[in-house]
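Asker: In terms of our numbering, the sequence shown is residues 23 to 405. Glycine included, C-beta positions come from ideal geometry on N, C-alpha and C.
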Amino acid sequence: MGERATVDQTPDPEDIDRTPAVERASKMPSMPGTAMDPKKMIGFAAAAGAIMFTVLALGTGLTGNSTLPPAKPRPALEPAQYDPATVIAPTLAGAATDPNAPISVGEPVVPAIGTQPAPPPGAQQVRQPSQAEVLREAARRSSLIAYGGERDSGGAGVRTGDYGGAPIAGRQPSVPATNLDNLRQASAIGQAQARTLPDRNFLITAGSFIPCVLQSAMDSSQPGYVSCIVPRNVYSDNGRVVLMEKGTKILGEYQGGLDRGQYRLFVLWTRAVTPRGIAIDVASPATDALGRGGMDGRVNNFFWQRFGTALLFSLVEDATTVGAEAVGNSASNTTRVPSDAASTILQQNGQIKPVLRKNQGEDVGITVAQDFDFSTVYGLSLK
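(1) So, under 8 Å CB-CB, P253 and V235 are touching, yes? Tell me the CB distance rounded to an integer number of Å.
(2) Taking the C-alpha atoms as reference points, what is the distance between G313 and Q213?
(3) Does S306 come out as helix, strand or coil in the three-state DSSP assignment?
(4) I need the boundaries of the beta strand (DSSP E) containing E155, first residue and last residue.
(5) Within its chain, find whatever has a CB closer than 7 Å to the CB of R222; leave out the 5 residues flanking it on each side and keep chain order.
(6) How is the alpha helix (DSSP H) around D203 delimited, first residue to last?
(7) If we ignore side chains and look at the alpha-carbon of each, how far apart do K380 and L225 end up?
(8) Quick one: grab the DSSP three-state call for R222.
(9) What does a CB cutoff of less than 8 Å around S88 pick up in its chain, not counting 5 residues either side in sequence?
(10) Closest to A311 by C-alpha separation, out of D281, R298, C250, R149, would be which residue?
(11) Please tell me whether D241 and Y285 are closer than 9 Å, where the distance is taken between their beta carbons.
(12) Where does the unbroken beta strand (DSSP E) through V377 begin, and where does it stop?
(13) Could you tell me the distance, in whole angstroms, from the CA atom of R163 to the CA atom of Q215?
(14) Taking DSSP as the reference, what is the three-state secondary structure of F66?
(15) Under the rule that 16 or more other beta-carbon atoms within 10 Å means buried, what is F394, buried or exposed?
(16) Give the C-beta separation of V256 and Y276 to the nearest angstrom, bearing in mind that I take them to be a contact with Cβ-Cβ under 8 Å.
(17) When we look at the beta-carbon of P376 and count the other beta-carbons within 10 Å, is it buried (16 or more) or exposed?
(18) Let me confirm a value: I388 is counted as buried when at least 16 other C-beta atoms fall within 10 Å, else exposed. Which label applies?
(19) Classify F231 as helix, strand or coil using the three-state DSSP reduction.
(20) Considering only the alpha carbon of each residue, which of N323, E384, F324, R298 lies closest to Q237?
(21) Which residue's Cα is closest to the Cα of S397: K268, G316, L219?
(22) P198 to A210, Cα distance in whole Å?
(23) In the DSSP assignment, what are the bridge partners of V349?
(24) How long is the line joining the alpha carbons of A283 and R262, rounded to whole angstroms?
(25) In angstroms with no decimal places, state the Cα-to-Cα distance between I232 and E267.
(26) Beta-carbon within less than 6 Å of K61's beta-carbon, same chain only, minus the 5 sequence neighbours each way: which residues are those?
(27) To the nearest whole angstrom, what separates the beta carbons of A305 and T296, a pair I think is in contact under 8 Å?
(28) If I measure Cβ to Cβ from L402 and keep anything under 8 Å in the same chain, skipping five residues before and after, which residues do I get?
(29) Distance, Cα to Cα, A239 vs G246?
(30) In angstroms, rounded to a whole number, what distance separates the CA positions of D281 and Q244?
(31) If you reduce the DSSP assignment to three classes, tell me which class F487 lands in.
(32) Distance check for L78 and A67, CA to CA, integer angstroms please.
(33) Could you tell me the boundaries of the beta strand (DSSP E) in which E388 lies?
(34) Looking only at C-alpha atoms, which of E155, Q150, Y400 sits nearest to A301?
(35) Taking only three categories from DSSP, how would you classify A294?
(36) Which residue's Cα is closest to the Cα of G299: I272, V289, A308?
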C-alpha cells in the first residue's frame, strides 16, 4: 500500500492582504471579492427583527389562553328509573288537598221558595207571585232578548246580526249591526271526549307510514291498477307484534288523467294480503318515499304535438303573406285560410293532457288513513 499524499495548504505570499484592517473593504470570507453594503445589512437586520417579533407575538397569542385550568368532567347523569308504584293517579279523596280544587262552603244554600213565614193574624193576605210569573216578568223587563226569526202569526222578529250570533248588550234591536259587531261574534267551542284504544298488540293506528316497492309500472293515460310489495315487517302500535309480514302485497288503483300543470298522480290503496293469507281493507292514499301526497314520475307534456303543427302553419302563413304582398291584394283570401287552420289545430291539440309514467321497482309509501284491527284473526301465545 502507498503512503498518503500530503497537501501543502500554505497560502502564497501574493494572496496575503497586507493592508491595514481599517482600510480594508467589507468582504465576506466565504465569498471573496463581494463587498456588503451597510444599508442592506441594516435592512436585513430590521427584517429579521420584525420576523422574530411576529413569531413571538403569534406564539404568545396562541398560547395565551392555554393557561386556564382544564374544566373538570361532569359525572354522567344516571337515567331516572320508572317505578309504576310511585305514580299517583288523581282520585276524589285527594281533591280536598288539591290547591286548584273549588273551596267547599259547607251545605249548599237552597232558597226556600215555597216556605213563606206565616203572616201575623189580622194582616191582609197579599198574593205572592209564582216562580213562573217571576221569570216571565224578569224576561219581559230584560233587554237581552233574541228572537229566532219571523213567527207564523205574522209578527216580525228582530234579528241581531246576519250570522245568527248572540245579541250585543247595550245595542237597540232596531239599529243594524256593523262589521265590527259581526266580527265580535264568538265561535262555538267544541268538545272531544277521550277513549281507550283497543288492544294495541293487534292495532296499526291511523297516521302510520308503511313503505312499499312498486311491482308494476304506471301510465296515467288510462285508469288502471297498481300493486306493491312491503319490504319489511310492519309491527303493531306498541311495537311488539308483527301484524303485516315482509312480502305483504298491497293492491291499489288510479283514475288516470293529469291536468295541465300537475306533476303528481293520486293513487288509492284498496287491499292488503299478508303471506299468511290475512286480507284487510286499506282504503289509504299513496305517497312517495318521503310521505308526500301522490306519486311523482316522468311527465310528458306533448309540447310538439300540441304546438308543432300550429307553428308550422304559422310559418306557412308568414310565407304566404310575404308572397301576397309581392303579388298584390288579390291573395287576401288565400292568406286567411292558413290562419284559420292554425287556430283550429291549436284549439284541438291544446286539449291533449300530460301523461305521467312511473317504473316498477321504485319506492313508494302508504299513509294509513284508518285503524287496522287484527284482533279478530290473530291471537297471542307464550313462547
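Answerer: With the given structure in hand:
(1) The residue given as residue 253 occupies position 231 in the sequence shown. The residue given as residue 235 occupies position 213 in the sequence shown. About 6 Å; that satisfies the 8 Å criterion.
(2) In the sequence shown, residue 313 corresponds to position 291, counting from 1. In the sequence shown, residue 213 corresponds to position 191, counting from 1. Their Cα atoms are separated by approximately 30 Å.
(3) Residue numbering aside, residue 306 sits at position 284 when the sequence shown is read from its first letter. Three-state DSSP puts S306 in a strand.
(4) Residue mapping note: residue 155 aligns to position 133 of the sequence shown, counting from 1. From DSSP, E155 is part of no beta strand (DSSP E) but of the alpha helix (DSSP H) over 153-163.
(5) Here the question's residue 222 lines up with position 200 in the sequence shown. Residues of the same chain with a CB within less than 7 Å of the CB of R222, apart from the 5 flanking positions on each side, are S258, D259, N260 in chain order.
(6) The residue you call residue 203 lines up with position 181 of the sequence shown. According to the DSSP assignment, D203 belongs to the alpha helix (DSSP H) that extends over 201-205.
(7) Here residue 380 is taken as the residue at index 358 of the sequence shown, counted from 1. Here residue 225 is taken as the residue at index 203 of the sequence shown, counted from 1. Cα-Cα distance, rounded: 32 Å.
(8) Here the question's residue 222 lines up with position 200 in the sequence shown. In the three-state DSSP reduction, R222 falls in the helix class (H, G or I).
(9) Counting from 1 along the sequence shown, the entry for residue 88 is found at position 66. Because S88 sits at a pLDDT of 47, beneath the cut-off of 50, its placement in the model cannot be relied upon, and the following sentence gives the value as read from the coordinates. Same-chain partners within the cutoff: there are none.
(10) As a position in the sequence shown, residue 311 is number 289, starting the count at 1. The shortest C-alpha separation from A311 is found at C250.
(11) Stepping through the sequence shown from its first residue, residue 241 is reached at position 219. Stepping through the sequence shown from its first residue, residue 285 is reached at position 263. Using a Cβ distance threshold of 9 Å, D241 and Y285 do not count as a contacting pair.
(12) In the sequence shown, counting from the first residue as 1, residue 377 sits at position 355. Residues 377-380.
(13) Within the sequence shown, residue 163 is the residue found at index 141, counting from 1. Within the sequence shown, residue 215 is the residue found at index 193, counting from 1. The alpha-carbon separation between R163 and Q215 amounts to approximately 40 Å.
(14) Taking the sequence shown and counting its residues from 1, one reaches residue 66 at position 44. Helix.
(15) For this step, residue 394 is matched to residue 372 along the sequence shown. With a 10 Å radius around the Cβ and a threshold of 16 neighbouring Cβ atoms, F394 comes out buried.
(16) Here residue 256 corresponds to residue number 234 of the sequence shown, with the count starting at 1. Here residue 276 corresponds to residue number 254 of the sequence shown, with the count starting at 1. So it is not a contact: roughly 23 Å between Cβ atoms.
(17) Indexing the sequence shown from 1 puts residue 376 at position 354. Flag for P376 reads buried.
(18) Taking the first residue of the sequence shown as position 1, residue 388 is located at position 366. Buried, since its Cβ has 16 or more Cβ neighbours within 10 Å.
(19) Walking along the sequence shown from the start, residue 231 turns up at place 209. When secondary structure is reduced to three states using DSSP, F231 falls in the strand class.
(20) The residue you call residue 237 lines up with position 215 of the sequence shown. For the options N323, E384, F324, R298, the alpha carbon positioned closest to that of Q237 is the one of E384.
(21) By one-based count along the sequence shown, residue 397 stands at place 375. By alpha-carbon distance to S397, the top candidate from K268, G316, L219 is L219.
(22) Numbered from its first residue, the sequence shown carries residue 198 at position 176. Numbered from its first residue, the sequence shown carries residue 210 at position 188. Roughly 23 Å separates the two Cα atoms.
(23) By 1-based counting over the sequence shown, the position of residue 349 is 327. BP columns for V349 are empty, so no partner.
(24) Within the sequence shown, the letter at position 261 stands for residue 283. Within the sequence shown, the letter at position 240 stands for residue 262. The question names Ala, but residue 283 in the sequence shown is Gly. Taking the Cα positions, G283 is about 45 Å away from R262.
(25) For the purposes of this step, residue 232 is taken as residue 210 along the sequence shown, with counting starting at 1. For the purposes of this step, residue 267 is taken as residue 245 along the sequence shown, with counting starting at 1. Cα atoms of I232 and E267: separation of roughly 12 Å, rounded to the nearest angstrom.
(26) Numbered from its first residue, the sequence shown carries residue 61 at position 39. Hits under 6 Å: none found.
(27) Reading the sequence shown from its first residue, position 283 is the one you call residue 305. Reading the sequence shown from its first residue, position 274 is the one you call residue 296. Their Cβ separation, rounded to whole angstroms, is 17 Å, which puts A305 and T296 out of contact at 8 Å.
(28) Locating residue 402 in the sequence shown gives position 380, counting from the first residue. In its chain, beyond the 5 residues on either side, N223, V263 have a beta carbon closer than 8 Å to the beta carbon of L402.
(29) On the sequence shown, residue 239 is found 217 positions in, with the first residue counted as 1. On the sequence shown, residue 246 is found 224 positions in, with the first residue counted as 1. Approximately 10 Å between the Cα atoms of the pair.
(30) Mapped onto the sequence shown, residue 281 falls at position 259. Mapped onto the sequence shown, residue 244 falls at position 222. If you draw a straight line from the Cα of D281 to the Cα of Q244, it comes to about 13 Å.
(31) Nothing about residue 487 can be read from this structure; the chain reaches only from 23 to 405.
(32) Taking the sequence shown and counting its residues from 1, the one referred to as residue 67 is at position 45. Taking the sequence shown and counting its residues from 1, the one referred to as residue 78 is at position 56. When rounded, the distance between both Cα atoms is 17 Å.
(33) Translated into the one-based positions of the sequence shown, residue 388 becomes position 366. Here the sequence assigns Ile to residue 388, which means Glu is not the residue at that position. Per DSSP, I388 is one residue of the beta strand (DSSP E) stretching across 385-389.
(34) Against the sequence shown, residue 301 aligns to sequence position 279. Per the Cα distances, Y400.
(35) As a working mapping, residue 294 is identified with position 272 in the sequence shown. In this structure, A294 counts as strand in the three-state DSSP scheme.
(36) As a first step, residue 299 is located in the sequence shown; it is residue number 277 there, counting from the start. When C-alpha distances from G299 are compared across I272, V289, A308, the shortest belongs to I272.
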